[in-house]
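In terms of the working numbering, the sequence shown has 399 at position 399, counting the first letter as 1, and numbering is strictly consecutive.
Here a beta-carbon is modelled for each residue, glycine too, at the ideal position from N, C-alpha and C.
Small disclaimer: the values here were computed from a predicted structure and weren't measured.
Some notes on the structure that comes next.
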Amino acid sequence: MIQTRPKKQPERALLIGLEQEGVSKWDLADSMEELRELASSAGAEVVDTVTQKLSRPTAPFYIGKGKAEVIKDCVQRERVTSVIFNDELSPAQGRNLENLLSRKVLDRTQLILDIFAQRARSREGRLQIELAQLQYLLPRLTRMWNHLSRQTGGIGTRGPGETQLEVDRRRVQERIARLERDLEGVRKVRAIQRQGRKRHQWPVAAVVGYTNAGKSTLLNLMTGADVLAANQLFATLDPTTRSFHLPNKQRVLLTDTVGFLRKLPHTLIESFKATLEEVSDADILIHVVDLSHPRVDEQMEAVDIVIKELDAFGKQTLIVFNKIDLLDQPELAGIYVQRFPGSVAISARTGAGVDQFVQALQAALGAWRLRSRFRVPLSDSSLVAEIHRVGHVLELRYEGEYAVITAHVPPQLEHKLERFADESATQVSAETAVPPFSG
Numbered sequence: 001m002i003q004t005r006p007k008k009q010p011e012r013a014l015l016i017g018l019e020q021e022g023v024s025k026w027d028l029a030d031s032m033e034e035l036r037e038l039a040s041s042a043g044a045e046v047v048d049t050v051t052q053k054l055s056r057p058t059a060p061f062y063i064g065k066g067k068a069e070v071i072k073d074c075v076q077r078e079r080v081t082s083v084i085f086n087d088e089l090s091p092a093q094g095r096n097l098e099n100l101l102s103r104k105v106l107d108r109t110q111l112i113l114d115i116f117a118q119r120a121r122s123r124e125g126r127l128q129i130e131l132a133q134l135q136y137l138l139p140r141l142t143r144m145w146n147h148l149s150r151q152t153g154g155i156g157t158r159g160p161g162e163t164q165l166e167v168d169r170r171r172v173q174e175r176i177a178r179l180e181r182d183l184e185g186v187r188k189v190r191a192i193q194r195q196g197r198k199r200h201q202w203p204v205a206a207v208v209g210y211t212n213a214g215k216s217t218l219l220n221l222m223t224g225a226d227v228l229a230a231n232q233l234f235a236t237l238d239p240t241t242r243s244f245h246l247p248n249k250q251r252v253l254l255t256d257t258v259g260f261l262r263k264l265p266h267t268l269i270e271s272f273k274a275t276l277e278e279v280s281d282a283d284i285l286i287h288v289v290d291l292s293h294p295r296v297d298e299q300m301e302a303v304d305i306v307i308k309e310l311d312a313f314g315k316q317t318l319i320v321f322n323k324i325d326l327l328d329q330p331e332l333a334g335i336y337v338q339r340f341p342g343s344v345a346i347s348a349r350t351g352a353g354v355d356q357f358v359q360a361l362q363a364a365l366g367a368w369r370l371r372s373r374f375r376v377p378l379s380d381s382s383l384v385a386e387i388h389r390v391g392h393v394l395e396l397r398y399e400g401e402y403a404v405i406t407a408h409v410p411p412q413l414e415h416k417l418e419r420f421a422d423e424s425a426t427q428v429s430a431e432t433a434v435p436p437f438s439g
């Protein structure tokens, strides 16, 4: 008789949130609903959600002591295995809560890191996730050693624990240094690949957006790529670049990127710099927005915050309102397109509106069909940096106190640079300035 293994039961999770000063009940409710989606994506079964109103988190338990005692009774009664907090906990708060509740205690950052660890497929993705996890773990190693305090104590128990703790810290630091070296190698390889693309002078469009907005579905539709597209948070982590030919035969490279999120851990952004550099180095951003989501404006704002942190703000951006097939009020698409001139509304799943998107992308890239030369004083270093950030620099050389820059720049920056235009250089059409695109 063949014995089958018993099916592993999902973890039973209790979610905890804090309504602080300046945070509305609606914002908290939406954030907690997102935490529920994150927990489900990680494979947990959410038992219940508990919130508390406090002016600010308490130092010992994040929540009040009385509320912590209530939660202690709840986790025992509901057979909860994991208690997940909506904000990042300090090492002391995590340690105190685990001692009180006798349950695994996670915060939002740990939960996101766990999901990323499950989704990572490439070596690069696994390196980045491990680095983020170790950077999060390092200040919390003492918490991992709290089992020593449950021993008999006294003589003979303090020294060994402290010694082992220092050994663990050193090992973690050495591993972090090794991962950073490996990822620096990845960044150099990616830089070489980007330079190769620049030699062809093909414009690069980075597809950005909130997680689960439909970026991978759009990339698959446009280029025939086989990127995993699932209705779950952070379905794909590894960037994918595919070429696409516009109706005018111009080739554009579309790069899918990891989805953004409100309260995206800073350590995660730092660890994923090798991947997210695709955003800061792109010529144009395609911001895919889930128009069917009830908090669409907040999601757009969260994406803008991450883009600024990546030093990619100010780039030419085409906003694509996706999932119009899921709208209860179809007229909402027209309202948002009017609010954001130049944007388009589509359904990447059904293909509706995609022709308009292609035309809008071709029009947006029209700004890159002319190359201009500028003589910018070296004293104006911020302007030189802006050209690098939002433009496509083809050539840079220095003549005395000036930087002579040949670049494709978007219209808004070209107007700003008019007084620095090098009149000795004639603007050249891209058809004659670069090799013809293979069609």
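- Residue range 354 to 364 is occupied by the alpha helix (DSSP H) that includes residue 362, with no beta strand (DSSP E) assigned at that position.
- One thing to note: residue 322 has its Cβ within 7 Å of the Cβ of residue 346.
- Going by C-alpha positions, residue 303 is about 13 Å away from residue 320.
- Only residues of its own chain outside the window of five on either side were considered, and among them 91 have a CB closer than 6 Å to the CB of residue 140, listed in chain order.
- Beta-bridge annotation (DSSP): residue 392 is paired with 408.
- Contact annotation, residue 81 with residue 103: C-beta distance approximately 7 Å; criterion of less than 8 Å satisfied.
- The beta carbons of residue 286 and residue 207 sit closer together than 7 Å.
- The beta carbon of residue 64 lies closer than 8 Å to those of 52, 54, 58 in the same chain, with the five residues before and after it left out.
- Shown here, residue 247 sits in coil according to DSSP, grouped into three states, outside any helix or strand.
- When DSSP states are grouped into helix, strand and coil, residue 377 belongs to the strand group.
- Counting the other Cβ atoms within 10 Å of the Cβ of residue 43 gives fewer than 16, which makes it exposed.
- Straight through space, the alpha carbons of residue 240 and residue 344 are spaced by roughly 23 Å.
- DSSP places residue 50 within a strand segment (E or B) once states are collapsed to three.
- Note that the C-beta distance between residue 106 and residue 129 is not below 7 Å.
- When rounded, the separation of the alpha-carbon atoms in residue 350 and residue 218 is 10 Å.
- Within the same chain, and ignoring the five residues on either side of residue 127 in sequence, the residues whose Cβ sits closer than 8 Å to its Cβ are 179, 182, 183, 186.
- Judged by pairs of C-beta atoms under 8 Å, the stretch 370 to 385 does not touch the stretch 328 to 340, as fewer than three such pairs exist.
- Annotation for residue 317: 284, 285, 286, 287 place their beta carbon closer than 8 Å to its own, counting only its chain and skipping 5 residues before and after.
- Note on geometry: alpha-carbon atoms of residue 378 and residue 210 lie some 38 Å from one another.
- Counting along the chain, residue 99 sits inside the alpha helix (DSSP H) bounded by residues 91 to 101.
- Pairing residue 134 with residue 98, the inter-Cα distance amounts to about 20 Å.
- In the structure shown, residue 81 falls within a coil segment according to DSSP collapsed to helix, strand and coil.
- Just measuring C-alpha positions, the residue of 335, 87, 387, 246 sitting nearest residue 20 is 87.
- Counting along the chain, no alpha helix (DSSP H) covers residue 19; the unbroken beta strand (DSSP E) around it starts and ends at 12 to 19.
- In the DSSP assignment, residue 318 falls within the unbroken beta strand (DSSP E) covering 317 to 322.
- In this structure, the alpha-carbon of residue 18 lies about 8 Å from that of residue 28.
- Within its own chain, the residues whose Cβ lies closer than 8 Å to the Cβ of residue 71, once the five positions on either side in sequence are excluded, are 14, 16, 50, 63, 83, 101, listed in chain order.
- Annotated three-state conformation of residue 262 is coil, per DSSP.
- Nearest Cα to residue 410 within the set 10, 66, 334, 315: 315.
- Residue burial annotation: residue 220 is buried, with at least 16 other C-beta atoms found within 10 angstroms of its C-beta.
- Under DSSP, residue 336 shares a beta bridge with no residue.
- The residue from 326, 252, 263 with its alpha-carbon nearest to that of residue 359 is 252.
- Minimum Cα-Cα distance from residue 39 among the listed residues 293, 116, 171 corresponds to 116.
- Sequence-distant Cβ neighbours of residue 396 in its own chain, meaning closer than 7 Å and more than five residues away, are 403, 405.
- According to the DSSP assignment, residue 111 belongs to no beta strand (DSSP E) but to the alpha helix (DSSP H) extending over 108 to 119.
- Between residue 136 and residue 111 a beta carbon distance of about 11 Å is seen, past the 8 Å cut, so the two are scored as non-contacting.
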